[in-house]
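A.B. asks: In our numbering, the protein residues as written are 6 to 89.
Glycine is no exception: its CB is placed at the ideal position from the N, C-alpha and C atoms.
These numbers were taken from a predicted model, which means no experiment stands behind them.
Below is one structure. I have some questions about it.
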Amino acid sequence: ANHYLAVFDKATGSALELFRAKRIATPAQRIMLIAREGGCTNPGCTVGAYGCQVHHVVTDWADGGNTNVNELGLACGPDNRSVN
Numbered sequence: 006a007n008h009y010l011a012v013f014d015k016a017t018g019s020a021l022e023l024f025r026a027k028r029i030a031t032p033a034q035r036i037m038l039i040a041r042e043g044g045c046t047n048p049g050c051t052v053g054a055y056g057c058q059v060h061h062v063v064t065d066w067a068d069g070g071n072t073n074v075n076e077l078g079l080a081c082g083p084d085n086r087s088v089n
């Protein structure tokens, strides 16, 4: 059996913690990441948030990672593709 859980922002009702229910970040999660990080998190990279993709930074989705805002980060296309 698969169990799914999501945690929602009380003020907006937007999902911030999706665990394994979905791989792709929600718009609310993207807004949180843009506010928190401002752009690509690879040291020395200057690509702004709107040129970035959401990346599972703690544990990759394929390896069992969760789609939770505290486990996601922003990475520009080249830096996202260079992650092993």
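(1) Grab me the residues of residue 6's own chain with a C-beta within less than 7 Å of its C-beta, minus the 5 sequence neighbours each way, in chain order.
(2) State the Cα-Cα distance for the pair residue 74 and residue 80, rounded to the nearest angstrom.
(3) Determine which residues share a DSSP beta bridge with residue 53 and list them.
(4) Would you decide whether residue 30 is buried or exposed? Buried here means 16 or more other CB atoms lie within 10 Å of its CB.
(5) In three-state terms, what does DSSP make of residue 6?
C.D. replies: Quick answer:
(1) Here the question's residue 6 lines up with position 1 in the sequence shown. Note on residue 6: pLDDT 48, under 50, position unreliable in the model; the coordinate value appears next. Counting only Cβ-Cβ distances below 7 Å, and skipping sequence neighbours, we find nothing.
(2) Taking the sequence shown and counting its residues from 1, one reaches residue 74 at position 69. Taking the sequence shown and counting its residues from 1, one reaches residue 80 at position 75. Approximately 14 Å between the Cα atoms of the pair.
(3) What you label residue 53 is simply residue 48 of the sequence shown in a count that begins at 1. 44, per the DSSP bridge assignment.
(4) The residue you call residue 30 lines up with position 25 of the sequence shown. With 16 or more Cβ atoms within 10 Å of its Cβ, residue 30 is classed as buried.
(5) As a working mapping, residue 6 is identified with position 1 in the sequence shown. Caution is warranted here: a pLDDT of 48 is assigned to residue 6, below 50, making its placement in the model unreliable, and the coordinate value is therefore given only provisionally. Looking at residue 6 - three-state DSSP - the assignment turns out to be coil, as it is neither helix nor strand.
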